[in-house]
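The structure appears right after this line, and notes come after that.
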């Protein structure tokens with residue numbers, strides 16, 4: 128009985144003490160808090176979290192895509208450079224080939240032209256030779272005729288002066304015949 | 010007779026001790042406890058309306074006012090941030106801070122602890138994180154009151170967390186499958202009665218711990234600050250003023266850290282418990 132009285136006194140003094148303890152639970156406040164929080168959550172879900180989270184993930188997707196695009200572009204550029212390089216190598220080879228070919232052709236052309244000119248000059252020389260021969264022949268014939276004429280004229284003059292024209296002509300002709308035989 | 014007398018005297022001295030203690034701690038408790046009025050010394054006191062509905066005392070209290078202040082403040086800031094995202098993809102100014110926190114809750118709290126399907130719990134986790142954070146910070150403003158140092162408020166938050174954990178687990182595993190999954194596999198049949206009690210207790214201790222942790226942390230810091238300042242009046246000397254003020258300032262700075270950490274811990278543990286309820290294969 129004493130103990131119960133003591134407990135009662137302590138309990139009474141305890142409740143008198145602060146007019147409230149930090150551990151006092153207020154059901155009305157719990158209800159208010161829960162209602163407030165649920166309303167807050169519903170409103171924010173619609174008005175804030177959805178748009179913010181959506182735009183965040185949209186932006187992340189955008190950044191990811193941009194990075195991927197950049198990476199792809201880099202690979203493409205590298206490939207392009209590689210292509211360019213190989214094309215350049217090929218072109219150089221081609222050019223070398225063309226130069227080589229041209230040189231060969233020109234060499235060939237040169238030797239051909241040389242041969243041709245040689246042949247031509249040889250032919251010209253040949254022609255000139257035959258012309259000279261022909262002219263010689265002609266000149267000889269002309270000379271012979273002239274010589275004959277001169278000789279005839281001379282003989283005429285001699286004969287005229289010597290009177291014995293016929294004898295003289297006969298001698299000359301004999302002489303000329305002899306000349307021809309030689 | 011003599012024993013009765015001694016008991017009476019003991020009870021009397023206890024009573025006076027308690028009464029004198031009340032006088033000494035009253036001003037500290039006045040700062041910590043909930044009340045029916047907002048007082049702004051030396052300007053005056055605002056008495057809050059009393060409401061009684063359906064036999065429940067639904068009066069507006071000081072902490073409720075600061076809860077609503079927190080709700081209005083965070084709604085305003087977050088909705089403004091959401092609108093700014095419609096204008097441009099790049100956050101500006103304070104929205105950067107908000108984005109860091111939101112991304113932190115999403116990538117560091119929700120995603121690793123809940124795993125697949127964490128998105129549906131994000132609105133709850135983000136709301137509870139920002140709510141506790143805002144309420145904690147508002148509690149640090151002079152003339153205000155820390156609503157999260159009220160056990161009723163933290164209990165409400167823990168109740169909501171409890172509901173989210175249970176509903177999340179039941180939606181994923183089915184009501185029957187959820188309760189069956191609470192008991193680990195491969196338990197001998199004779200252990201089942203004990204395990205059922207242990208697991209059911211475990212269900213309720215988790216939110217209980219959430220509520221008490223937040224309440225105790227937010228209360229303790231304020232009591233320490235008050236006690237340090239009270240040292241001046243207890244020792245009745247000016248020499249203790251620099252010590253008291255500098256220590257109180259240090260605790261106040263620590264409170265800023267605690268405000269962040271407690272919001273993080275509450276959200277982190279809620280998320281962890283949701284993860285455990287959703288993925289029961291442990």
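Chains as they are written, first to last, in our numbering: chain A, 128 to 309; chain B, 10 to 291. Idealized CB from N, CA, C, for every residue including glycine.
Does residue 188 of chain A have its Cβ less than 8 Å from a Cβ in chain B?
-> Against the first chain, residue 188 of chain A aligns to sequence position 61. Answer no: the Cβ-Cβ gap between residue 188 of chain A and chain B never drops below 8 Å.
Going by other Cβ atoms of all chains shown within 10 Å of its Cβ, with 16 needed for buried, is residue 51 of chain B buried or exposed?
-> Here residue 51 of chain B refers to the residue found at position 42 of the second chain. That one is exposed.
Return the CA-CA distance between residue 73 of chain B and residue 228 of chain B, expressed in angstroms with no decimal places.
-> Along the second chain, one-based indexing puts residue 73 of chain B at 64. Along the second chain, one-based indexing puts residue 228 of chain B at 219. Between the alpha carbons of residue 73 of chain B and residue 228 of chain B lies a distance of about 16 Å.
Under 7 Å from any heavy atom of the ligand GTP, does the C-beta of residue 76 of chain B make it?
-> Only the bare structure without any ligand can be found here, which leaves the ligand GTP out of the picture.
Sheet register partners of residue 49 of chain B (DSSP bridge) = As a working mapping, residue 49 of chain B is identified with position 40 in the second chain. DSSP lists B:53 as partners of residue 49 of chain B.
Contact set between the segment 109 to 127 of chain B and chain A, restricted to residues whose Cβ is under 8 Å from the partner | Of all residues in the segment 109 to 127 of chain B, only 111, 112, 115 come within less than 8 Å of chain A when Cβ atoms are compared, listed by chain position.
Other residues of its chain near residue 76 of chain B: CB distance less than 8 Å, five sequence neighbours each side excluded = Stepping through the second chain from its first residue, residue 76 of chain B is reached at position 67. In chain order, 144, 156, 162 place their CB closer than 8 Å to the CB of residue 76 of chain B, counting only its own chain and leaving out the 5 sequence neighbours on each side.
Decide yes or no for the touch test of the segment 277 to 291 of chain B against the segment 112 to 128 of chain B: beta carbon pairs closer than 8 Å, at least 3 of them.
-> Contact between the segment 277 to 291 of chain B and the segment 112 to 128 of chain B is present: 3 or more CB-CB pairs across the two stretches fall below 8 Å.
Looking at the C-beta of residue 77 of chain B, does it have a partner C-beta in chain A at a distance below 8 Å?
-> Mapped onto the second chain, residue 77 of chain B falls at position 68. Interface residue, yes.
Is the beta carbon of residue 37 of chain B less than 8 Å from the beta carbon of residue 239 of chain B?
-> Here residue 37 of chain B corresponds to residue number 28 of the second chain, with the count starting at 1. Here residue 239 of chain B corresponds to residue number 230 of the second chain, with the count starting at 1. Yes.
Members of the segment 159 to 173 of chain B near chain A, C-beta cut-off 8 Å = So the list reads 159, 160, 161, 162, 164, 165, 166, 168, 169, given in the order they occur along the chain.
Report the three-state DSSP secondary structure of residue 151 of chain A (helix, strand or coil).
-> The count along the first chain starts at 1 and reaches residue 151 of chain A at position 24. Of the three classes helix, strand and coil, the one that applies to residue 151 of chain A here is coil, per DSSP.
Inside the segment 233 to 305 of chain A only - beta strand (DSSP E) runs reaching at least 3 residues = No beta strand (DSSP E) of 3 residues or more sits fully in the segment 233 to 305 of chain A.
Measure how close the beta-carbons of residue 174 of chain A and residue 90 of chain B come, nearest whole angstrom, since I'm counting them as under 8 Å.
-> Counting from one through the first chain, the residue named residue 174 of chain A turns up at place 47. Counting from one through the second chain, the residue named residue 90 of chain B turns up at place 81. The beta-carbon distance between residue 174 of chain A and residue 90 of chain B, rounded to whole angstroms, is 10 Å. This is too long to meet the 8 Å contact definition.
Assign residue 181 of chain A to one of two classes, buried (16 or more other C-beta atoms within 10 Å of its C-beta) or exposed (fewer than that).
-> The residue you call residue 181 of chain A lines up with position 54 of the first chain. Per the 10 Å Cβ criterion, exposed.
Cross-chain neighbours of residue 157 of chain A in chain B, by beta carbon under 7 Å | Numbered from 1 along the first chain, position 30 holds the residue referred to as residue 157 of chain A. Against residue 157 of chain A, the close residues of chain B are 161, 164, 165, in the order they occur along the chain (beta-carbon pairs closer than 7 Å).
Express the C-alpha separation of residue 169 of chain A and residue 153 of chain B in angstroms, rounding to a whole number.
-> As a working note, residue 153 of chain B is residue 144 in the second chain. As a working note, residue 169 of chain A is residue 42 in the first chain. Roughly 26 Å between the two C-alpha positions.
Kindly indicate the opening and closing residues of the alpha helix (DSSP H) around residue 297 of chain B.
-> Because chain B in this structure spans residues 10 to 291, residue 297 of chain B falls outside the shown range and cannot be described.
Under 8 Å by beta carbon: chain A residues contacting residue 95 of chain B | The sequence position of residue 95 of chain B within the second chain is 86, counting from 1. By Cβ distance, chain A contributes 178, 182.
Cβ of residue 174 of chain A within 8 Å of any chain B Cβ = Within the first chain, the letter at position 47 stands for residue 174 of chain A. Yes, its Cβ sits closer than 8 Å to a Cβ of chain B.
May I have the straight-line CA-CA distance separating residue 7 of chain B from residue 150 of chain B, to the nearest angstrom?
-> This structure does not reach residue 7 of chain B, given that chain B is present from 10 up to 291, and the question cannot be answered.
Which class does residue 184 of chain B belong to by DSSP, given the choice of helix, strand or coil?
-> Your numbering for residue 184 of chain B matches position 175 in the second chain. Here residue 184 of chain B sits in helix by DSSP.
Can you find a C-beta in chain A that's less than 8 Å from the C-beta of residue 133 of chain B?
-> Working through the second chain from its first residue, we reach residue 133 of chain B at position 124. Yes - at least one Cβ of chain A is within 8 Å of the one on residue 133 of chain B.
Length-filtered (4 minimum) alpha helix (DSSP H) runs lying within the segment 127 to 162 of chain B | For secondary structure counted as the alpha helix (DSSP H) over 4 or more consecutive residues, the segment 127 to 162 of chain B holds these complete runs in sequence order: 131 to 148.
Unbroken alpha helix (DSSP H) run spanning residue 222 of chain B, endpoints = To locate residue 222 of chain B, count along the second chain from 1; it is residue 213. Run containing residue 222 of chain B: 201 to 244, per the alpha helix (DSSP H) assignment.
Just confirm the distance between the C-beta atoms of residue 134 of chain B and residue 118 of chain B, as a whole number of angstroms; I'd bet it's less than 8 Å.
-> Position 125 of the second chain, counting from 1, holds the residue named residue 134 of chain B. Position 109 of the second chain, counting from 1, holds the residue named residue 118 of chain B. Taking 8 Å as the upper bound for CB-CB distance, residue 134 of chain B and residue 118 of chain B are in contact here, some 6 Å apart.
Using the beta-carbon of each residue, which ones in chain B are nearer than 8 Å to residue 194 of chain A?
-> In the first chain, residue 194 of chain A corresponds to position 67, counting from 1. Neighbours of residue 194 of chain A on chain B: none; closest Cβ ~15 Å, over 8 Å.
Taking Cβ positions, are residue 260 of chain B and residue 234 of chain B nearer each other than 8 Å?
-> Stepping through the second chain from its first residue, residue 260 of chain B is reached at position 251. Stepping through the second chain from its first residue, residue 234 of chain B is reached at position 225. Yes; because the gap between Cβ atoms is below 8 Å, this pair is in contact.
Should residue 327 of chain B be labelled buried (16 or more other beta-carbon atoms within 10 Å of its own) or exposed?
-> Residue 327 of chain B lies beyond the range of chain B shown here (10 to 291); nothing can be said about it.
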